[in-house]
Amino acid sequence: MTGPVLLTGGRLVDGTGRPPLDEAAVLVEGGLITWTGPRVHAPKADTTIDVAGGTILPGFFDCHTHLTMRPGEGSAIDRMTAPQSLRVLQSVPNLRDTLYAGVTSVRDLSGADLGTKLAVERGLVEGPRVQAAIRILSITGGHGDWRSANGVDLTGGSGGGVVADGPAEFVRATRAVLQEGADCVKIAASGGMSSPRGEPGHGGLTFDEIKAVVSEAERHGNVPVAAHAQAGSGIHDAVVAGVRSIEHGYLVDDRTIEEMLARGTFLVPTLSTLTREPEPDTAPWVLDKRRRWTAAAHERLAAAFAAGVPVALGTDAGLVPHGSNLRELALLVEFGLSPMAAIVAGTANAARLCGVADELGTVEPGKRADLVVADGDPLTGIGLLSDPDHVVLVVKDGRIAKDTRRPTA
Ligand SMILES: [Zn+2]
Numbered sequence: 372m373t374g375p376v377l378l379t380g381g382r383l384v385d386g387t388g389r390p391p392l393d394e395a396a397v398l399v400e401g402g403l404i405t406w407t408g409p410r411v412h413a414p415k416a417d418t419t420i421d422v423a424g425g426t427i428l429p430g431f432f433d434c435h436t437h438l439t440m441r442p443g444e445g446s447a448i449d450r451m452t453a454p455q456s457l458r459v460l461q462s463v464p465n466l467r468d469t470l471y472a473g474v475t476s477v478r479d480l481s482g483a484d485l486g487t488k489l490a491v492e493r494g495l496v497e498g499p500r501v502q503a504a505i506r507i508l509s510i511t512g513g514h515g516d517w518r519s520a521n522g523v524d525l526t527g528g529s530g531g532g533v534v535a536d537g538p539a540e541f542v543r544a545t546r547a548v549l550q551e552g553a554d555c556v557k558i559a560a561s562g563g564m565s566s567p568r569g570e571p572g573h574g575g576l577t578f579d580e581i582k583a584v585v586s587e588a589e590r591h592g593n594v595p596v597a598a599h600a601q602a603g604s605g606i607h608d609a610v611v612a613g614v615r616s617i618e619h620g621y622l623v624d625d626r627t628i629e630e631m632l633a634r635g636t637f638l639v640p641t642l643s644t645l646t647r648e649p650e651p652d653t654a655p656w657v658l659d660k661r662r663r664w665t666a667a668a669h670e671r672l673a674a675a676f677a678a679g680v681p682v683a684l685g686t687d688a689g690l691v692p693h694g695s696n697l698r699e700l701a702l703l704v705e706f707g708l709s710p711m712a713a714i715v716a717g718t719a720n721a722a723r724l725c726g727v728a729d730e731l732g733t734v735e736p737g738k739r740a741d742l743v744v745a746d747g748d749p750l751t752g753i754g755l756l757s758d759p760d761h762v763v764l765v766v767k768d769g770r771i772a773k774d775t776r777r778p779t780a
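If you count the sequence shown from 1, you need to add 371 to reach the numbering used here.
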């Protein structure tokens, strides 16, 4: 798009949670949204794109991706020992598929580094804008420590972590990832279903260690901390220590829900991964863990949603395929959010979590022109967005990134 472009005729779901506006129009100029309102009052534009019958939405966020990973790439050991160049190169189609699914911003919670973010910014590869945690901070033996019992150290592999123990070492580890260019700091506040050892409810960083990370990240421009925390006291410790988001949060308890409400802590429940069909080569110990945890997680996450904990959309894509990220919307609805609340989780809430709500996350004048057009109404059928083929137009920073609308003339 060069001159002003008007998207006109569709239903506008602007990401704020306000009721939709039918027969709407959105004006895009110089990469920004400059006007929204009823089509009949729309200003003139050089170019008009008729999106009648479709729905105009903000560009979505996926707040939990692993762009360097793909499902089906073998065992965790295969993944950790793969050449780094393979991991970087396979993130190229992953980025494109994510963008074409309607996701114009991602927060990558380990794997992608500063180079991936810069490559997108410089237009070397197509993709959503990237915020990256780069590496996860883990205690010895925790989720993120990929050293085997016999001393083989795979921690340097993609998805590997920074291993530290004690508050002082975690201050240093925080500085290390910030020095590498991290936009947020990810910590392992509990074990995980795919941890090399340990259960989701096992402890990760102690309260004092989490506090040390949060304080150090705050000192460097209020960098947010994302806590991998699936169960146990790790979720509560992370919330009280002041992290901005709980990733997974599968067995969040009632007292922690209260704390999250009081502090505005975000929940990124990664339902796409929780509910995924296991791959044929999944290790039996992972299958066993998952069976035991999934049913309980459904009940606890539904309780958090019902209580009104702010939810931001994240999938753990990389463990599930990239490019069907917005399947998460249907799962959020299945777990109790309304379709509108699910859309807000993927747009305005996600932008707040990522600290970019002043420029992204809603379709409002002054925001960057990140827009998605679906060829139907996700408010009446949220599953529509699960299929990227129903995402017919993707605009990022005012530039058309994908356009599969049928020619009308
Ligand atoms: Zn993850």
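Virtual Cβ for every residue (Gly too), placed ideally from N, Cα, C.
Nearest-angstrom Cβ-Cβ length linking residue i and residue j, presumed shorter than 8 Å
{"i": "alanine 600", "j": "serine 643", "result": "Between serine 643 and alanine 600 the Cβ distance is about 18 Å, and since that is not below 8 Å, they are no contact."}
{"i": "leucine 480", "j": "isoleucine 558", "result": "At roughly 10 Å, the Cβ-Cβ gap does not stay under 8 Å, so leucine 480 and isoleucine 558 are not in contact."}
{"i": "valine 376", "j": "isoleucine 420", "result": "6 Å"}
{"i": "leucine 672", "j": "proline 640", "result": "5 Å"}
{"i": "leucine 697", "j": "leucine 756", "result": "4 Å"}
{"i": "valine 548", "j": "arginine 506", "result": "6 Å"}
{"i": "leucine 702", "j": "threonine 646", "result": "6 Å"}
Test item: CB-CB of residue i and residue j under 9 Å
{"i": "arginine 739", "j": "alanine 683", "result": "no"}
{"i": "threonine 436", "j": "proline 736", "result": "no"}
{"i": "alanine 395", "j": "leucine 383", "result": "yes"}
{"i": "aspartate 748", "j": "serine 695", "result": "no"}
{"i": "glycine 374", "j": "alanine 413", "result": "no"}
{"i": "leucine 378", "j": "valine 411", "result": "no"}
{"i": "histidine 669", "j": "phenylalanine 637", "result": "no"}
{"i": "valine 727", "j": "isoleucine 427", "result": "no"}
{"i": "leucine 731", "j": "proline 429", "result": "yes"}
{"i": "histidine 607", "j": "arginine 626", "result": "yes"}
C-alpha gap between residue i and residue j, whole angstroms
{"i": "valine 501", "j": "valine 611", "result": "28 Å"}
{"i": "alanine 798", "j": "leucine 392", "result": "Here the chain has residues from 372 to 780 only, and residue 798 is not among them."}
{"i": "histidine 591", "j": "cysteine 555", "result": "11 Å"}
{"i": "threonine 779", "j": "leucine 438", "result": "With a pLDDT of 49 at threonine 779, under the threshold of 50, the modelled position of this residue cannot be trusted; read the value that follows with caution. Using only the alpha carbons, I get a separation of about 36 Å."}
{"i": "isoleucine 753", "j": "leucine 525", "result": "41 Å"}
{"i": "proline 681", "j": "phenylalanine 431", "result": "16 Å"}
{"i": "alanine 609", "j": "aspartate 624", "result": "13 Å"}
{"i": "alanine 535", "j": "isoleucine 510", "result": "5 Å"}
{"i": "glycine 717", "j": "asparagine 521", "result": "43 Å"}
{"i": "glycine 513", "j": "lysine 660", "result": "16 Å"}
{"i": "aspartate 729", "j": "alanine 719", "result": "10 Å"}
{"i": "serine 462", "j": "valine 762", "result": "21 Å"}
{"i": "leucine 708", "j": "glutamate 618", "result": "18 Å"}
{"i": "arginine 776", "j": "valine 422", "result": "9 Å"}
Other residues of its chain near residue i: CB distance less than 6 Å, five sequence neighbours each side excluded
{"i": "proline 499", "result": "Thr469, Leu470, Val474, Thr475, Ser476, Val477"}
{"i": "glycine 494", "result": "none"}
{"i": "leucine 690", "result": "Thr644"}
{"i": "proline 649", "result": "Leu658"}
{"i": "valine 542", "result": "Ala583, Glu587"}
{"i": "lysine 773", "result": "Tyr471, Val765"}
{"i": "leucine 485", "result": "Gly552"}
{"i": "methionine 631", "result": "Val610, Val680"}
Neighbour flag for residue i against chain B, beta carbons, 9 Å
{"i": "aspartate 608", "result": "Any reference to chain B falls outside this structure, which holds one protein chain only."}
Cβ neighbours of residue i in the same chain (closer than 7 Å, five flanking residues each side left out)
{"i": "valine 585", "result": "Val596, Ala612, Gly613, Val614"}
{"i": "asparagine 465", "result": "Leu438, Arg441, His693"}
Neighbourhood of residue i by C-beta distance below 8 Å, restricted to the same chain and skipping five residues each side
{"i": "threonine 387", "result": "Val715, Ala719, Thr733, Glu735"}
Who sits around ligand 1, taking every residue whose Cβ is closer than 6 Å to one of its heavy atoms?
Here the residues come out as His435, His437, Leu480, Asp687.
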